[in-house]
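As structure tokens, the structure follows; a few thoughts come after it.
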Amino acid sequence: MPTTLEVPARQGRAGLVRRGQALRVINTLGHQVVDFWGFGADDTTLYLSMSHTRVRAGHVNPRAGDTLLDSRREPMILFESDDSPGVHDSLLAACDPNRYRQFGIASFHDSCANNMERALAALDRKSAICPQPLNLWMNIPFTAEGQWQFREPVSKPGAAVVMRALVDCVMVMSACPQDQSSVPVNAGKPVAVHYQLLD
Ligand SMILES: [Zn+2]
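Taking this note's numbering, I'd label the letters of the sequence shown as residues 269 to 467.
As structure tokens, this is what we get:
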């Protein structure tokens, strides 16, 4: 059995995932969004790119079976499986300090962008930018007219996705700390999630 590790509520974690290994991300309580990034193992200027992935996928948000591309259009990660209803977002930017400042929060507030930086720093890496994440379980339904809304995740507790590395890469997860009542992406209650490294 693989070891199960925690991404504590409002925090981030990163791990080096070798080609052929996979990360299983578990939505333990079902209502938590996980911002997810990939970076080249030894070069963070190379990153998982949602816009490049969309060109190849032919649909807006990644789904199980998709090959996710890096910023040079090369395969980086296989979105191998998903036992949730498959509702994810890849269009909205990660929350960051300015996002919470604009909510009127004067003191420090955890954010996905900050979590990404800290998680990379724990592996002695940094990125000059915060790439567009794959926002796992983030429920942003669009109307035919292109309007969208923030909704609560539709995942069940324990649902998981498996992301298999097609090249050596660093995968980063942030248990999104969004807790503002107008943005119920985590049902207003940010919590921990879990993950496993699979061979
Ligand atoms: Zn966030």
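Glycine is no exception: its CB is placed at the ideal position from the N, C-alpha and C atoms.
Judged by pairs of C-beta atoms under 8 Å, the region 296–313 touches the region 394–411, as three or more such pairs exist.
Within 7 Å of the C-beta of ALA277 there is not a single heavy atom belonging to ligand 1. A straight line joining the alpha-carbon of CYS444 with that of VAL459 spans about 8 Å. If you check the CB distance, ASN382 and PRO399 do not come in under 8 Å. For the set ASN454, THR411, ALA427, the Cα lying nearest the Cα of ARG419 is the one of ASN454. Of all residues, those with a beta-carbon under 7 Å from at least one heavy atom of ligand 1 are VAL301, ASP303, ALA362, CYS363, SER379, CYS380, SER442, CYS444, PRO445, GLN446, reported in chain order. Cβ-Cβ distances below 6 Å link GLN446 to CYS363, VAL453, ASN454 in the same chain, with the five nearest sequence neighbours on each side left out; the list follows chain order. Here LEU337 is buried, its C-beta having at least 16 other C-beta atoms within 10 Å. Under the three-state reduction of DSSP, ALA282 is assigned to strand.
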